[in-house]
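Peer 1: Please read through the structure below; I'll follow up with questions.
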Amino acid sequence: MHVKETDRFAGLSAGAAQFRVSAIGEDNCSLASYNRRDYFKVSLILEGASELHYANRSIQIGKPALVFTTPLVPYSWEATGKLGRGYFCLFANEFLYTGGRMESLQESSLFKVGSDPVYFLDKDQGTYLESIFVRMRREIDTDYLYKYDIIRSQLNLIIHEAIKMEPSVAYFNPPNAAARITTLFLNLLERQFPVDFPTSTLTFKKASDFASQLSVHVNHLNAAIQEITGKSTTAHINERILAEAKSLLTHTDWSIADLAFSLGFEYPSYFNNFFKKHTGNTPMSLRKTL
386 MHVKETDRFA GLSAGAAQFR VSAIGEDNCS LASYNRRDYF KVSLILEGAS
436 ELHYANRSIQ IGKPALVFTT PLVPYSWEAT GKLGRGYFCL FANEFLYTGG
486 RMESLQESSL FKVGSDPVYF LDKDQGTYLE SIFVRMRREI DTDYLYKYDI
536 IRSQLNLIIH EAIKMEPSVA YFNPPNAAAR ITTLFLNLLE RQFPVDFPTS
586 TLTFKKASDF ASQLSVHVNH LNAAIQEITG KSTTAHINER ILAEAKSLLT
636 HTDWSIADLA FSLGFEYPSY FNNFFKKHTG NTPMSLRKTL
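So that you can map any letter, position 100 of the sequence shown is 485 in my numbering, and since no number is skipped, the others follow by simple counting.
Rendered as structure tokens:
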């Protein structure tokens with residue numbers, strides 16, 4: 386959304402790192418940068434007109450709505466009217482589901498890829514949900530030792546309120562669909578980088594992985610990307626993996642096996658063959674020249 390989103394969170398605790406809450410349009414403090422691949426988002430839209438571009442779909446929002454977005458599906462907001470009024474919160478999976486007590490948010494009905502992200506609200510629902518966001522914003526500024534336990538309970542109230550409702554959305558195909566699908570693909574590809582730890586691995590490795598996340602047929606995805614960029618989907622994926630491989634070889638001391646795993650290769654030999662095919666050198670020979 387082309388409006389300012391600002392936050393009200395403080396402290397350096399694990400809770401502060403895993404949860405943030407804000408009102409839309411505040412100008413008394415700035416929202417710190419965050420990595421979208423790590424945070425889920427719940428937005429309460431009370432006033433204003435906008436469009437949510439979610440995967441390959443667009444949703445017009447001109448009345449109160451509760452919106453759930455997941456870090457693995459590219460999305461963007463576009464204001465189509467006056468500045469909106471509402472709230473949003475960002476949180477990590479670990480904040481809500483501590484100690485392995487519940488399933489991952491990615492598998493929940495609200496955030497599962499392919500589910501409808503928008504729940505339109507009546508007046509009573511909007512008033513009730515706004516009161517919860519107000520309480521969360523008030524609580525986060527206190528010094529109470531267990532404030533994040535309270536906030537976690539309040540967030541669960543929001544989620545359970547949504548579970549009781551059926552989403553009612555009207556999707557439409559945006560103009561220049563090929564360009565939009567290409568942009569979504571490139572955003573989703575880039576969102577996987579940089580690779581931060583040798584124990585992590587890429588979620589999307591093939592064109593079909595991206596197509597599944599974007600809810601399009603792989604042939605449609607390939608055709609759109611070829612039309613807009615002049616390169617194949619696989620070429621884009623390989624080029625980005627290769628660039629990350631060179632960066633990791635240069636700036637880390639990870640073993641070749643760890644590096645290969647983090648880039649989605651099942652065996653180091655597969656990574657060696659991939660790297661040599663595209664550069665003419667093995668990963669180890671490149672590292673030795675640095």
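Where is the CB? At the ideal position from N, CA and C, for every residue including glycine.
(1) Around the Cβ of R523, are there at least 16 other Cβ atoms within 10 angstroms (buried) or fewer (exposed)?
(2) Quick check on Y504: buried or exposed, where buried means 16 or more other Cβ atoms within 10 Å of its Cβ?
(3) Specify, as a first and last residue, the run of the alpha helix (DSSP H) that T617 falls within.
(4) Throw me the rounded Cβ distance for the Y472 and F425 pair, which I believe falls under 8 Å.
(5) Check Q577 in the structure and name its three-state DSSP category.
(6) Less than 8 Å between the CB atoms is what I'm expecting for V601 and I566, so what's the real figure, rounded?
(7) Would you tell me roughly how many angstroms separate the C-alpha atoms of L397 and N658, rounded to the nearest one?
(8) Between the beta-carbon of I430 and the beta-carbon of I444, is there less than 7 Å?
(9) Counting pairs of beta carbons, one from the region 569-580 and one from the region 534-554, are three or more of them closer than 8 Å?
(10) For I613, which residues of its own chain have a beta-carbon under 7 Å away from its beta-carbon, when the five flanking residues on both sides are left out?
(11) Since E463 is in the beta strand (DSSP E), which residue starts that stretch and which ends it?
(12) What does R537 pair with, by DSSP beta-bridge criteria?
(13) Rounding to the nearest angstrom, what Cα-Cα distance links S516 and L644 in this structure?
(14) Could you please give me the residues that DSSP links to E436 through a beta bridge?
(15) For L540, which of L481, D638, F595 has the nearest alpha-carbon?
(16) Return helix, strand or coil for L475, following the three-state DSSP convention.
(17) Can you tell me whether M669 is buried or exposed, with buried defined as 16 or more other CB within 10 angstroms of its CB?
(18) Do W462 and L437 have their C-beta atoms within less than 7 Å of each other?
(19) Under a Cβ-count criterion, where at least 16 other Cβ atoms within 10 Å of its own Cβ denotes burial, should K673 be classed as buried or exposed?
(20) Buried or exposed, going by whether 16 or more other CB atoms sit within 10 Å of the CB of A628?
(21) For the region 608-624 against the region 637-655, do three or more pairs of beta-carbon atoms, one drawn from each stretch, fall closer than 8 Å, so that the two count as touching?
(22) Drop a sphere of 10 angstroms on the beta-carbon of S585, count the other beta-carbons inside from all chains shown, and report buried for 16 or more, exposed for fewer.
(23) Going by alpha carbons, who is nearest to Y513 out of S538, P502, I543?
(24) May I ask you to report which of helix, strand or coil DSSP gives L627?
(25) From the DSSP output, read off the bridge partner residues of F453.
(26) Starting from Y655, follow its DSSP beta bridges and name the residues at the other end.
(27) What three-state label does DSSP hand F404 in the structure shown?
(28) How many Å lie between L416 and T455 at the Cα?
(29) Using three-state DSSP, classify Y504 as helix, strand or coil.
(30) Quickly, what does DSSP pair R470 with across the bridge? List them, please.
Peer 2: According to the data block:
(1) exposed
(2) buried
(3) Note on identity: in this sequence residue 617 is Ser, with Thr being the wrong assignment. Here S617 belongs to no alpha helix (DSSP H), and DSSP marks it neither H nor E.
(4) Wrong, their Cβ atoms sit about 15 Å apart, outside the cutoff.
(5) coil
(6) 6 Å
(7) Confidence is the limiting factor: at L397 the pLDDT is only 37, short of 50, which leaves the residue's position unreliable and the question unanswerable from this model.
(8) no
(9) no
(10) A563, A564, T567
(11) 460-464
(12) Answer by DSSP bridge pairing: none, since R537 is not bridged.
(13) 47 Å
(14) Q445, E463
(15) L481
(16) strand
(17) So M669 counts as exposed.
(18) yes
(19) exposed
(20) Using a 10 angstroms sphere on the CB of A628, the tally of other CB atoms stays under 16, which defines it as exposed.
(21) no
(22) exposed
(23) I543
(24) helix
(25) Per DSSP, V427.
(26) For Y655, which the question treats as bridged, DSSP gives no partner whatsoever.
(27) strand
(28) Because the pLDDT at L416 is just 38, under 50, the model does not fix this residue reliably, and the value given afterwards should be weighed accordingly. Between L416 and T455, the C-alpha separation is close to 19 Å.
(29) strand
(30) E432
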